[in-house]
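Residues in the sequence shown are numbered from 1 upward in steps of one, following our numbering.
Data block below; observations after.
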Amino acid sequence: MRLPLLPFARNLPPNFTLQWRHSMEHQLWCQSYRSNRKTLHLTRMQILAFGARMPSDGLPVTADQGFVAQQGHLKLPKLNWTVSRNMQGEIRVDGRIWPLADTLPDYSNVHIEPVRLPRAAIRFGVRE
């Protein structure tokens with residue numbers, strides 16, 4: 001089921017970060033994105049250690065203490081993200097944290113896509 005945009009999602013700034021705990025390695029992952037009118041551009045990835053599916057060809061960048069970070073180069077038309085309490089998924093933007101995994105039912109689908117203005121839109125749906 002696809003739900004409409006939530007009021008706060010209409011004002012999501014063009015830069016945001018997704019943070020979650022990897023299901024197998026139990027390490028924190030952070031991916032920062034910038035939206036424009038057509039795509040979501042992965043600008044930065046930061047994790048506690050290299051692991052499965054972590055690209056190793058990105059340019060290393062300054063990281064928080066204990067983390068490894070690299071510049072991202074992936075461009076996507078949209079993101080579909082499934083959140084649950086186990087993965088502790090949250091969106092970080094402008095110093096605010098939206099703990100989606102704590103507020104949505106387990107295995108809810110979160111759809112993030114650019115809109116006409118240089119912002120991103122979020123839609124929430126529940127996997128049936």
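From the three backbone atoms N, C-alpha and C, an ideal C-beta is built for every residue, glycine too.
With a Cβ-Cβ cutoff of 8 Å, do residue i and residue j count as a contact?
| i | j | result |
| --- | --- | --- |
| ASP106 | ARG92 | no |
| MET87 | ARG21 | yes |
Looking only at its chain, what residues have a beta carbon closer than 7 Å to the beta carbon of residue i, apart from the 5 residues adjacent to it on each side?
| i | result |
| --- | --- |
| LEU100 | VAL83, GLY89, GLU90, ILE91, VAL110 |
| ILE97 | GLU90 |
| ASP94 | PRO13 |
Among the residues of its own chain, which have a CB less than 6 Å from the CB of residue i, if the five just before and after it don't count?
| i | result |
| --- | --- |
| GLN46 | CYS30, ALA63, PHE67, ALA69 |
| LEU74 | LEU42 |
From residue i to residue j, what distance separates their C-alpha atoms?
| i | j | result |
| --- | --- | --- |
| MET24 | LEU48 | 13 Å |
| LEU5 | GLN65 | The predicted position of LEU5 is uncertain, since its pLDDT is 43 and thus under 50; no value can be drawn from it. |
| GLY72 | GLN27 | 19 Å |
| PHE173 | ASP57 | Lying before the first or after the last residue shown, residue 173 is absent from the chain, which here runs from 1 to 128. |
| SER108 | VAL61 | 32 Å |
| LYS102 | LEU18 | The identity of residue 102 in the sequence shown is Asp, whereas the question assumes Lys. Those two C-alpha atoms are separated by around 14 Å. |
| LEU59 | ARG44 | 10 Å |
What is the DSSP secondary structure of residue i, reduced to helix, strand or coil?
| i | result |
| --- | --- |
| LEU136 | Outside the shown range of the chain (1 to 128) lies residue 136, about which nothing can therefore be said. |
| MET24 | coil |
| VAL110 | strand |
| LEU79 | strand |
| MET45 | strand |
| SER32 | strand |
| VAL115 | coil |
| LEU74 | coil |
| LEU3 | Any reading at LEU3 must be qualified, since the residue scores a pLDDT of 42, below 50, and its modelled position is unreliable; the value itself is stated next. Note: LEU3 maps to strand in three-state DSSP. |
Note down, in chain order, each residue of its chain lying with its Cβ closer than 8 Å to the Cβ of residue i, except the 5 sequence neighbours on either side.
| i | result |
| --- | --- |
| LEU40 | TYR33, ARG34, LYS75, LEU76, PRO77, LYS78, LEU79, ILE112, GLU113, PRO114, ALA120 |
By DSSP's criteria, residue i is part of a beta bridge. Which residues make up the other side?
| i | result |
| --- | --- |
| ARG92 | THR17, ILE97 |
| VAL68 | ILE47 |
| LEU40 | SER35, LEU76 |
| PRO60 | GLN70 |
Using a Cβ-Cβ cut-off of 8 Å, state whether residue i counts as contacting chain D.
| i | result |
| --- | --- |
| THR103 | Protein chains in the displayed structure number just one, and chain D is not present. |
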